[in-house]
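Below is one structure, written out as C-alpha cells; comments come after it.
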Amino acid sequence: MTLFLYNTMSRTKEAFTPLDPARVGMYVCGPTVYDRAHIGNARPVVVFDVLYRLLKRLYPQVTYVRNITDVDDKINARSQERGESIGVITERTTQLFHQDVAELGVLPPDHEPRATAHIDLMIAMIERLIAKGNAYVAEGHVLFNVPSMQDYGALSHRTLDEMIAGARVEVAPYKTHPADFVLWKPSPAELPGWDSPWGRGRPGWHIECSAMSRRYLGDTFDIHGGGQDLVFPHHENELAQSVCANGAPFARYWLHNGYLMVEGEKMSKSLGNFFTVRDLLDQAQGEAIRLTLLSTHYHQPLDWTAEGLKSAKAALDRMYLALRNAQDVQAQDPDQALTPILAALEDDLNTPLAIAHLHELTGALNKAEDEDVKAKAKGALLAAAGLLGLLLQDPEEWLKWQPQAGNSGLSDAEIDGLVQARIDARAARNFAEADRIRTVLTESGIALEDGPKGTSWRRG
RNA sequence: GGCCGGGUGGCAGAGUGGUUAUGCAGCGGACUGCAAAUCCGUGUACGUCGGUUCGAUUCCGGCCUCGGCCUCCA
Numbered sequence: 000m001t002l003f004l005y006n007t008m009s010r011t012k013e014a015f016t017p018l019d020p021a022r023v024g025m026y027v028c029g030p031t032v033y034d035r036a037h038i039g040n041a042r043p044v045v046v047f048d049v050l051y052r053l054l055k056r057l058y059p060q061v062t063y064v065r066n067i068t069d070v071d072d073k074i075n076a077r078s079q080e081r082g083e084s085i086g087v088i089t090e091r092t093t094q095l096f097h098q099d100v101a102e103l104g105v106l107p108p109d110h111e112p113r114a115t116a117h118i119d120l121m122i123a124m125i126e127r128l129i130a131k132g133n134a135y136v137a138e139g140h141v142l143f144n145v146p147s148m149q150d151y152g153a154l155s156h157r158t159l160d161e162m163i164a165g166a167r168v169e170v171a172p173y174k175t176h177p178a179d180f181v182l183w184k185p186s187p188a189e190l191p192g193w194d195s196p197w198g199r200g201r202p203g204w205h206i207e208c209s210a211m212s213r214r215y216l217g218d219t220f221d222i223h224g225g226g227q228d229l230v231f232p233h234h235e236n237e238l239a240q241s242v243c244a245n246g247a248p249f250a251r252y253w254l255h256n257g258y259l260m261v262e263g264e265k266m267s268k269s270l271g272n273f274f275t276v277r278d279l280l281d282q283a284q285g286e287a288i289r290l291t292l293l294s295t296h297y298h299q300p301l302d303w304t305a306e307g308l309k310s311a312k313a314a315l316d317r318m319y320l321a322l323r324n325a326q327d328v329q330a331q332d333p334d335q336a337l338t339p340i341l342a343a344l345e346d347d348l349n350t351p352l353a354i355a356h357l358h359e360l361t362g363a364l365n366k367a368e369d370e371d372v373k374a375k376a377k378g379a380l381l382a383a384a385g386l387l388g389l390l391l392q393d394p395e396e397w398l399k400w401q402p403q404a405g406n407s408g409l410s411d412a413e414i415d416g417l418v419q420a421r422i423d424a425r426a427a428r429n430f431a432e433a434d435r436i437r438t439v440l441t442e443s444g445i446a447l448e449d450g451p452k453g454t455s456w457r458r459g
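Quick note on numbering: the first sequence equals residues 0 to 459 in numbering that gives the first Met the number 0.
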C-alpha cells in the first residue's frame, strides 16, 4: 500500500515518498501557551497524532516535532492583566496542555522545542537573511523583504497584488513593501527581550518555526502540518524565510486540517459557544472527544455539536460492550483484518471510513460464536482501533465511568447491592420487585443487561 | 472585492460514471419472565438549472446557498 496525502502546495492528493525512508520527519505547529487549549486547538493535535501513529507503523523511524510558542504578545498581555510573570503562565499552561492532550490519547512528540530556548538560532537565521538581501533593518525592526522571494505566495496560492489589494491593516511606515513582515522587533524594558545585533528585542511570530524545524529536522523535511488558518500568513512566511535563509527546499508535503465550528456557528467567546478541552473532559471521556474529532475527515470543516459527542460516546459504548462480552476470550493476532483500515488511513487519513470499518469489526465480534473466530475478531477490533488511538481502556472502566464533577448518582457499591437484590428477587420469581429495582436504577442512568453469565450494568 | 472549500437518506458522515457505505434514530421479527444488550430484516439520499455520455449523485458550466482566509486566530 502507498500512503497518499493531500498537499496544500499542489492542491492534489500525492503519493508520499519520504526524503529518507529510514527516517521520516514531521513538524506541526503547537500551542501558544497563554490559556487552556480549546476544542479547536485539539483538532490538529489529534489529527496529526493519527498521522504520527500511521507513519510509525509504515516507517522504521519517525521524528515528530511539535513546538511550544512561549514568546508572544498574547502571553505578554495576559501577564499584564493577571499581574503574573510570563514564566509562570507559560510553564503552567504547558503542563495543562500536556494533561489535556494526554487524556485525548495523544502520544507525546519526539521533540517539543520551546521558542525561548532557541532565540540564538533565530538571530542567526535573521542574520543570514540580512546577509543574503532578503531582510533589512528599519527603526529597530528587522523585516523580511517579500519582493526578494521569487515564489512568495506559492503555498497560499495568491499573488502579491492580491495581498496588497486585500490588506486590511495599515502598513507600518518603516516597511519598504506593504507585505513585508517582522522577523525581529524591539522590546521595551517591561517586555521580554533578548540582546541582538539590532538591540534588545524579541522575535516575530514566524521565525521560531523556521529555526526550530531546521534544528530538529534539517533544511528540507517531509511533512509540515497545522490548521488551515495558518496557511497564510504563518506558513507562507515560514516557507519564505526558510527557503531564503537555507537556500534549500523546505517542507515537501503541507497538510492542513479544516476549521472547527460549534453547533453550526464559528466558535467565539462572544457567542458563548467557546469550549476548552477541559470543559469537555469534565462531561465526557477523552476517547469520546477524540472519536468525535476523527468522525469528520480532517480536511473538511468539523461542526462540533453536543449531539455529535453523544453519538461518539454511544459508538464507543457499543464497541466496549462487545469487548466486555468477549472479556474471557484471549485476543488473537489480527492477520489481514487490518487491511481495510490501513487502506482507509493511507488514503489521505480517511478516518471516517476507518471508523466505519471499526463498526463492522464490532459487528463481527458480536456475531462470532466459536472461540477461535471470536479471538480473531477481538484481536482485529483492538488492533484496528489502536491505529486510531481508540479502545485503549478496560471495558469495565469505560462502561462504569461517570463525570468527576457534579455526580450525585449512585456509587458502584450501591449499584452492586441493588443489582444483587434484583438477582435474588428474580431467583425467587418476584418479578414485581425485580422490575421495581431495575426502574430505580434506570432512573439513575444505570442500564442493566441480563446475559447467560449473569447481570452486568453500565452508566448511560 | 480577490482566493478557497462545502451542499449526500430523519441525523451524523464516507464514497462512486451503471452494482450494499457505516453508525444512530424509526419500523418488523428473534432472543428475554418483561426489558436491555445482541442478532436478522427494512428506507423514495445525493442543492438547483443546463451540458457531455448509452447512462451522472459522481465529469463540465451557470445559478442558489453555507463557511473559511485575505498580516500574527489551530
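Don't be surprised by glycine CBs; every beta carbon is placed ideally from N, CA and C.
Exposure of residue i, with buried meaning 16 or more beta-carbon neighbours within 10 Å
i: G408; result: exposed
i: G165; result: Only weak support exists for where G165 lies, its pLDDT of 49 falling under 50; the value from the coordinates is given anyway. G165 comes out exposed.
i: G152; result: buried
i: F430; result: exposed
i: K265; result: exposed
i: T438; result: exposed
i: R167; result: Annotation note: pLDDT 49 at R167 (below 50); position unreliable, coordinate value reported separately. Label assigned to R167: exposed.
i: G450; result: exposed
i: D327; result: exposed
i: G104; result: buried
i: G263; result: exposed
i: E286; result: buried
i: L4; result: buried
i: K377; result: buried
i: S155; result: buried
i: K452; result: exposed
i: S9; result: exposed
Endpoints, the beta strand (DSSP E) within which residue i is located
i: Y135; result: 134 to 137
i: T68; result: It is not in any beta strand (DSSP E) - T68 carries neither H nor E in the DSSP assignment.
i: F220; result: 220 to 226
i: H255; result: 250 to 256
i: T454; result: 453 to 458
i: W287; result: According to the sequence provided, residue 287 is Ala. The question's Trp does not apply to it. First-last for A287: 285 to 293, but that is the alpha helix (DSSP H), not the beta strand (DSSP E).
i: L106; result: From DSSP, L106 is part of no beta strand (DSSP E); its letter is neither H nor E.
i: E4; result: For the record, residue 4 in the displayed sequence is Leu; it is not Glu. Element bounds for L4: 3 to 6.
i: F143; result: 140 to 143
i: D449; result: 445 to 450
Nearest-angstrom Cβ-Cβ length linking residue i and residue j, presumed shorter than 8 Å
i: H296; j: T361; result: Between T361 and H296 the Cβ distance is about 21 Å, and since that is not below 8 Å, they are no contact.
i: I118; j: W193; result: 5 Å
i: A283; j: S294; result: With a Cβ gap of about 14 Å, A283 and S294 do not count as contacting.
i: A424; j: A433; result: 4 Å
i: E207; j: A114; result: 4 Å
i: R73; j: T11; result: The question names Arg, but residue 73 in the sequence shown is Lys. K73 to T11, Cβ: 35 Å. No contact.
i: A321; j: L364; result: 5 Å
Reference residue i; option with closest CA among the options
i: R214; options: R425, N66, E264, G224; result: N66
i: W253; options: R277, T441, N236, G225; result: G225
i: Q419; options: S455, A114, E442; result: S455
i: T89; options: E102, D71, A101, L106; result: D71
i: N144; options: F274, L154, G132; result: G132
i: I340; options: E286, A383, P333; result: A383
i: A101; options: R277, L381, S443; result: R277
i: A27; options: G453, L216, E262; result: First, the residue type needs correcting, since residue 27 is Val and not Ala in the sequence shown. The shortest Cα separation from V27 among G453, L216, E262 belongs to L216.
i: A379; options: K399, Y58, L357; result: L357
i: Y173; options: Y135, L280, E306; result: Y135
i: E395; options: D347, T16, Y319; result: Y319
i: V49; options: G459, P107, W400; result: P107
i: P20; options: N40, L159, T304, P59; result: P59
i: R199; options: F274, S155, H255, I122; result: I122
i: V87; options: D69, G307, M260, R323; result: D69
i: F96; options: V44, R56, I85; result: V44
i: W183; options: P30, H176, R201, S209; result: R201
i: L301; options: H37, I422, R317, R42; result: R42
i: A305; options: L279, L348, S84; result: L279
i: L398; options: L2, D411, T175; result: D411
i: T291; options: E370, V230, A313; result: A313
i: P191; options: F249, D160, Q79, L128; result: Q79
Heavy atom of the ligand MG within 7 Å of residue i beta-carbon
i: K55; result: By its list of ligands, the structure shown contains no ligand whatsoever, and the ligand MG lies outside what it can speak to.
Range covered by the alpha helix (DSSP H) that runs through residue i
i: L352; result: 350 to 366
i: H97; result: 85 to 102
i: M121; result: 118 to 130
i: R52; result: 38 to 57
i: K377; result: 370 to 386
i: K399; result: 394 to 399
i: T158; result: That residue, T158, is in no alpha helix (DSSP H); it is neither H nor E in DSSP.
Notebook entry, point to check: Where are the beta strand (DSSP E) runs, 3 residues long or more, that stay fully inside the region 296 to 346, in chain order?
Noted result: 301 to 303
Next item on the list: With a floor of 3 residues, list each beta strand (DSSP E) that falls wholly inside the region 168 to 199, ordered by position along the chain.
Entry: 180 to 185
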